[in-house]
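I have placed the structure first, in the form of structure tokens, so that the comments after it can refer back to it.
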Amino acid sequence: MTGIRIVSKAAVCALVFAWLASPAMAHRVQVFAWAENGRVFCEGKFSGGRPAKGAEIVVFDPDGHILLKGKTNEKGEFSFPAPSTGVRVVLNASMGHRGEWSVSREEMGPGAAPEKTPGPSAWRVVPGLAAVLALSAAGFFAMRRRETKGRRNL
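Residues -26 to -1, 1 to 128 (mature numbering (1 follows the signal peptide of the UniProt record, and there is no 0)) make up the sequence shown, in order.
Pasting the structure below:
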């Protein structure tokens, strides 16, 4: 009986941790910035690809002085003329969500935007949870089978 309790407690703990972690990942904000054709383009998104609409953008020079402030549009985008120095772009979204991206002085020349990597998807969590549940069920049935065999031998 103790084996079943241990497996059950482990399964409950795994589910609780997964449940608690999912809201944190769902609201993470990401900011991307790149220089192209004499402008710096910024894009802010929450995990899952939802744009960070109306988020505050603060641009700092390498010494930490504020160069300019602005807000993202409906698509989560913002752009400004590229300065001659590197910049640090800070995106402040609602409820304290914050993201940063630096663009070096070398990147300020003409070039293409960096390839964007998608944020973590909720579907990446599903196989992990399924594996935890499957292992918990297998452990439960294995312990139950041992107990049943033990009773038959008496």
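Idealized CB from N, CA, C, for every residue including glycine.
With DSSP as the reference, label residue i as helix, strand or coil.
i	result
residue 123	helix
residue 67	coil
residue 76	strand
residue 48	coil
residue 111	helix
residue 56	coil
residue 25	strand
If contacts are defined as beta-carbon pairs under 8 Å, then residue i and residue j qualify, I think. What distance do you get, rounded to the angstrom?
i	j	result
residue 26	residue 50	5 Å
Can residue i and residue j be called in contact, C-beta distance under 8 Å?
i	j	result
residue 65	residue 3	yes
residue 16	residue 5	yes
residue 79	residue 59	yes
residue 77	residue 29	no
residue 82	residue 56	yes
residue 35	residue 61	yes
Cα separation between residue i and residue j?
i	j	result
residue 24	residue 98	17 Å
residue 18	residue 103	29 Å
residue 47	residue 53	10 Å
residue 108	residue 117	14 Å
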